[in-house]
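What follows is one structure encoded as structure tokens, with my remarks underneath.
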Amino acid sequence: MSYQEKKTLASITSGALLLAAYCLYAFNPANTPADLKGWATTMLIFIAIGIGATIIIQIIFHIFFSIGVAIQGKIQNRECDDKEIEKNIKLEMVEDERDKLIEMKSNQVGFAVAGFGFVAALLALVFNYSPVFMLNILFITFSFGSICEGIYQFVLYRRGYTHA
Amino acid sequence: MPSPIVITNNIRKLRFFANEMTQQELAEKAGASRQTIIAIEAGKYSPSLEMAFRIADAFGVSITEVFAHEVKEK
Chain A
6 MSYQEKKTLA
16 SITSGALLLA
26 AYCLYAFNPA
36 NTPADLKGWA
46 TTMLIFIAIG
56 IGATIIIQII
66 FHIFFSIGVA
76 IQGKIQNREC
86 DDKEIEKNIK
96 LEMVEDERDK
106 LIEMKSNQVG
116 FAVAGFGFVA
126 ALLALVFNYS
136 PVFMLNILFI
146 TFSFGSICEG
156 IYQFVLYRRG
166 YTHA
Chain B
796 MPSPIVITNN
806 IRKLRFFANE
816 MTQQELAEKA
826 GASRQTIIAI
836 EAGKYSPSLE
846 MAFRIADAFG
856 VSITEVFAHE
866 VKEK
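Top to bottom, those sequences are chains A and B. When we follow my numbering, the leftmost residue of the first sequence carries the number 6, and every step to the right adds one. When we follow my numbering, the leftmost residue of the second sequence carries the number 796, and every step to the right adds one.
Here it is, written out as structure tokens:
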């Protein structure tokens, strides 16, 4: 599995963990916020936690990935020095036009799911559902969109992308 | 709509004739990642014109010696 595929999996994992944590916390009767302000605060806190968790997971991923490349380098060639290991790590992390294209294509999926969520949230208001319900639709579909984006990105890396 | 085009390549053959150049060496010369070279060689990615020229330059041949196209009949 390539660096990009592993990075994508790390990103899907952090997104899924955030969504699961939000659902477990917010829909637990003991923690359910009382009013709209409470829900907004909960969501803001989870957005902040999500950003922090993503950064931490990416840092941990990069550390483990670098260690993995170093160990592999040492197994293949016992006499390889730190400079060579550093070069191998850099080479594994190279990003080029294919990565940008795949990222762009998967962003489209993320935006489509988020757009669908936005319309669903507006429809919920039109059909007299509470603003809390609307906020939850927005938060959950945006988070789910980010997960779908990651999954599609992973699929494109595995399957390939040929323009046709 | 025009018929779809399938792009084929001779990268594996050209690497063999270039003293069994590794995918990593070609990636470095073409300014791409090794994964991209693997994907191009396997026909899983069609590179941009710019990268196609860089790959051809890495072998010192013309672009038509590296890439060819076939029109798929509908």
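The beta-carbon is built from N, C-alpha and C at its ideal position, and this holds for glycine as well. Bear in mind that the values here come from a model prediction, so they are computed numbers and not experimental data.
Excluding sequence positions up to five away, which residues of its chain have a Cβ less than 8 angstroms from the Cβ of residue i?
i: B:GLN875; result: Summary: the structure shown does not reach residue 875 of chain B, with chain B confined to residues 796 through 869, and so no result is reported for it.
i: A:ASP104; result: GLN9
i: B:ALA822; result: SER828, ARG829, THR831, ILE832
i: A:ILE90; result: VAL74, ALA75, GLY78, LYS79
i: A:ALA129; result: PHE138, MET139, ILE142
What residue range is occupied by the uninterrupted beta strand (DSSP E) comprising residue i?
i: A:PHE121; result: Looking at the DSSP string, A:PHE121 is not in any beta strand (DSSP E); the run it does join, the alpha helix (DSSP H), is 102-131.
i: B:THR803; result: 800-804
i: B:VAL866; result: 862-866
Output needed for residue i: all residues of its chain with C-beta closer than 7 angstroms, excluding positions within five of it in sequence on either side, in chain order.
i: A:ILE107; result: GLN158, LEU161, TYR162, TYR166
i: B:GLY826; result: ARG849
i: A:GLY20; result: SER148, SER151, ILE152, GLY155
Please report the residue range of the alpha helix (DSSP H) in which residue i lies.
i: B:GLU823; result: 818-825
i: A:PHE32; result: First-last for A:PHE32: undefined, no H or E at that position.
i: A:VAL74; result: 41-81
Consult DSSP for residue i and reduce its assignment to one of helix, strand or coil.
i: A:TYR8; result: helix
i: A:ASP87; result: helix
i: A:ASN93; result: helix
i: B:GLY855; result: coil
i: B:SER828; result: coil
i: A:MET4; result: What the structure shows of chain A is the stretch from 6 to 169, and residue 4 of chain A is not part of that stretch, so it cannot be assessed.
Just list the residues that DSSP pairs residue i with in beta bridges.
i: A:TYR166; result: B:TYR840
Leaving out five residues before and five after residue i in sequence, what residues of the same chain have Cβ atoms less than 6 angstroms from its Cβ?
i: B:THR803; result: ALA863
i: A:SER111; result: GLU154, TYR157, GLN158
i: A:ALA39; result: none
i: B:GLY838; result: none
Residues of the region 831-854 of chain B in Cβ contact with chain A at a cutoff of 9 angstroms, in chain order, please.
THR831, ILE833, ALA834, ILE835, ALA837, GLY838, LYS839, TYR840, SER841, PRO842, SER843, GLU845, MET846
Residues from the region 100-117 of chain A in contact with chain B, defined by Cβ distance under 8 angstroms:
GLU100, ASP101, GLU102, ARG103, ASP104
What are the residues in the region 76-92 of chain A lying within 7 angstroms of chain B by C-beta distance?
none
Along the region 811-827 of chain B, what residues have a CB closer than 8 angstroms to any CB found in chain A?
GLN819, ALA822, GLU823, GLY826, ALA827
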